[in-house]
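Under our numbering, the first residue of the sequence shown carries the number 18, and numbering increases by one thereafter. Remarks on the structure that follows.
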Amino acid sequence: MKATDILNREHGLILQALEDLAGARDQIESGQPPPKEFFEKALQFLGEFADKFHHFKEEYLMFGLLALKKEGAFDGPIGALRYQHERCRKCLNEMAKSLKGYADGDDIALTTLLENLAAYISLLRRHI
């Protein structure tokens, strides 16, 4: 199995997590918000698997090898992909910070959660 096959399989797992998040967003919007624990587990998975495990491999292995092999021809796209990873990290962080307020029924926390959910889902779907 090639390394790119492994990355593609990982993309499938991440896309499933995004579908679960989109479903949770829809539940919130229909007045049936999932418990805070759902988001805690989802953010833990995405932070550990998608970011620390998968994105790490992309940033420190694949991107470096592409840059060497293509002698700088991919520097622009690689920079854009790294920026997307950073934006994803920021969204995850903002969502995590909003969870206590979300559980307490704070409207600002709910808005923060929804805005970052939408941004994260959209960004990562396009990224993959």
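The beta carbon of each residue, even a glycine, is placed where N, CA and C say it ideally should be. None of these values were measured; they are calculated from a predicted model.
Rounded separation between residue i and residue j - CA only
| i | j | result |
| --- | --- | --- |
| residue 138 | residue 144 | 10 Å |
| residue 149 | residue 88 | With the chain running from 18 to 145 in the structure shown, residue 149 is simply not present. |
| residue 45 | residue 51 | 7 Å |
| residue 136 | residue 23 | 26 Å |
| residue 158 | residue 97 | No answer is possible for residue 158: the residues shown for the chain start at 18 and end at 145. |
| residue 49 | residue 62 | 23 Å |
| residue 134 | residue 112 | 7 Å |
| residue 55 | residue 93 | 37 Å |
| residue 53 | residue 102 | 24 Å |
| residue 122 | residue 42 | 15 Å |
| residue 38 | residue 76 | 24 Å |
| residue 99 | residue 73 | 10 Å |
Buried/exposed call for residue i, threshold 16 Cβ in 10 Å
| i | result |
| --- | --- |
| residue 30 | exposed |
| residue 18 | exposed |
| residue 47 | exposed |
| residue 32 | exposed |
| residue 119 | buried |
Distance between beta carbons of residue j and residue i, contact taken as under 8 Å
| i | j | result |
| --- | --- | --- |
| residue 35 | residue 131 | Not really, about 15 Å apart at Cβ, beyond 8 Å. |
| residue 68 | residue 26 | Wrong, their Cβ atoms sit about 17 Å apart, outside the cutoff. |
Cβ shell of residue i (< 8 Å), same chain only, five flanking positions each side left out
| i | result |
| --- | --- |
| residue 78 | 20 |
| residue 104 | 136 and 140 |
Extent of the continuous alpha helix (DSSP H) to which residue i belongs
| i | result |
| --- | --- |
| residue 126 | 124 to 144 |
| residue 53 | 53 to 62 |
| residue 49 | Looking at the DSSP string, residue 49 is not in any alpha helix (DSSP H), and its letter there is neither H nor E. |
Cβ-based neighbour list, residue i, same chain, cut-off 6 Å, excluding 5 preceding and 5 following
| i | result |
| --- | --- |
| residue 80 | 95 |
| residue 115 | 126, 129 and 130 |
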